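In this note's numbering, the protein residues as written are -16 to 364.
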């Protein structure tokens, strides 16, 4: 005859409080990461109180979503030996009605931009800053933050956070994070292009010391600033800088186009301004496609007139998908497929994510020539 095993409900006491459990269902890539013995795995839950929590590895961010399960699960424990089982029984510690699933998402960086707003590094600071005097003025009411201050509240992995610091042109001066305004960044990049030509520096393998000295002596740009800008736009190999020319030209072009957000400029006229700014050596690489996702083309008033161009950057649109599509369809009622994708590809982890967003928020159609267009699903406007 089988032994009867008592089942008891674990009770909380002053010395042993009630413990509640959550079960985490791992995505395939997370599971593989955990099962890899050589991986030094660190999982971190990030966010403020009231946020939808995210789980971060070293280089990815995952949403944590609660999913109800049809059959309850019991978390139990009992004695270590079979002999004690009949006497002590099994204790039910908790009952589980839902599990947490992990879903890869793009990092949530809106808070980073909001917290650093107002702490921008200005051109006027170069006139009053020595190389060793780059700490902000704490007498003002503006808060200044370090990486450590923002590490836990910014919902992004460490690698994604570092990438956001670089791609959003945030300087780190004396430990404090200071956004570099687009106009100032454009001026520095144009001065870099001009210095390379004026001082006869090689286009490939640019000596960093010589370039920093030129920027400091000719334009009073501190080396603490110029070095970080250099690292944003290329790789450092020893004492040489391998410039990513397209990336640097693109940023210079964005800065030059920014004043034309509301007043269109002829596309060829703008390209001429851009080429003149970066100089003849780099002018042959200047072309509008470098600015993908940051401009709109408008037809001229007649067939013979050339296209007009305006500044329109996806970086300044909402990161919430519904709001982003509303902004896009308020700007244009009808979008060519290639055009609209340029303004939503940062919302998804991959192309499949973008396709799902288009299916959810836009209506697809094609004309007789085979061109694919997207218009708004009226229920989302």
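Using N, Cα and C, we set each Cβ at its ideal position, and we do this for glycine too.
Being a predicted model, the structure only gives us computed values, none of them experimental.
Expected contact under 8 Å - CB spacing of residue i and residue j to nearest Å
{"i": "residue 2", "j": "residue 76", "result": "6 Å"}
{"i": "residue 327", "j": "residue 340", "result": "6 Å"}
{"i": "residue 137", "j": "residue 99", "result": "With 8 Å as the limit, residue 137 and residue 99 do not qualify as a contact, their Cβ atoms being about 10 Å apart."}
{"i": "residue 219", "j": "residue 191", "result": "7 Å"}
{"i": "residue 276", "j": "residue 325", "result": "4 Å"}
{"i": "residue 149", "j": "residue 215", "result": "5 Å"}
Residue span of the beta strand (DSSP E) that contains residue i, given as start and end
{"i": "residue 296", "result": "Residue 296 -> no beta strand (DSSP E), and no H or E assigned at all."}
{"i": "residue 73", "result": "73 to 88"}
{"i": "residue 54", "result": "44 to 60"}
{"i": "residue 202", "result": "Premise fails: residue 202 lies in the alpha helix (DSSP H), 191 to 202, not in any beta strand (DSSP E)."}
Simplified DSSP assignment, three categories, for residue i
{"i": "residue 170", "result": "helix"}
{"i": "residue 161", "result": "strand"}
{"i": "residue 249", "result": "strand"}
{"i": "residue 343", "result": "helix"}
{"i": "residue 115", "result": "Residue placement at residue 115 is flagged as unreliable, the pLDDT there being 47, under the threshold of 50; the coordinate-derived value follows with that caveat. Residue 115 falls in the coil class under three-state DSSP."}
{"i": "residue 213", "result": "helix"}
{"i": "residue 127", "result": "coil"}
{"i": "residue 376", "result": "No answer is possible for residue 376: the residues shown for the chain start at -16 and end at 364."}
{"i": "residue 330", "result": "coil"}
{"i": "residue 243", "result": "helix"}
Own chain residues within Cβ distance below 8 Å of residue i, not counting five before or after
{"i": "residue 269", "result": "232, 236, 254, 257, 258, 261"}
{"i": "residue 50", "result": "8, 81, 82, 83, 84"}
{"i": "residue 222", "result": "190, 191, 192"}
{"i": "residue 292", "result": "240, 243, 247, 248, 249, 250, 253, 271, 278, 279, 280, 281"}
{"i": "residue 10", "result": "45, 84, 85, 86, 87"}
Sequence-distant residues of its chain with Cβ nearer than 7 Å to residue i (five each side left out)
{"i": "residue -16", "result": "For residue -16, the predicted structure reports a pLDDT of 44, less than 50, and the residue's modelled location is therefore unreliable. A value from the coordinates is still provided. Excluding positions up to five away in sequence, the list is empty."}
{"i": "residue 208", "result": "154"}
{"i": "residue 228", "result": "265, 268"}
Residue i - containing alpha helix (DSSP H), residue span
{"i": "residue 96", "result": "93 to 99"}
{"i": "residue 305", "result": "304 to 314"}
{"i": "residue 16", "result": "11 to 18"}
{"i": "residue 281", "result": "Where residue 281 is concerned, there is no enclosing alpha helix (DSSP H), although the beta strand (DSSP E) it sits in stretches over 278 to 281."}
Nearest neighbour of residue i, chosen from the options [CA to CA]
{"i": "residue 140", "options": "351, 26, 15", "result": "26"}
{"i": "residue 347", "options": "222, 320, 194", "result": "320"}
{"i": "residue 230", "options": "197, 160, 169", "result": "169"}
{"i": "residue 4", "options": "196, 59, 183", "result": "59"}
{"i": "residue 356", "options": "40, 186, 315", "result": "315"}
{"i": "residue 78", "options": "52, 304, 177, 91", "result": "52"}
Same chain, Cβ closer than 6 Å to residue i, five either side skipped, listed in chain order
{"i": "residue 300", "result": "307, 310"}
{"i": "residue 162", "result": "99, 103, 153"}
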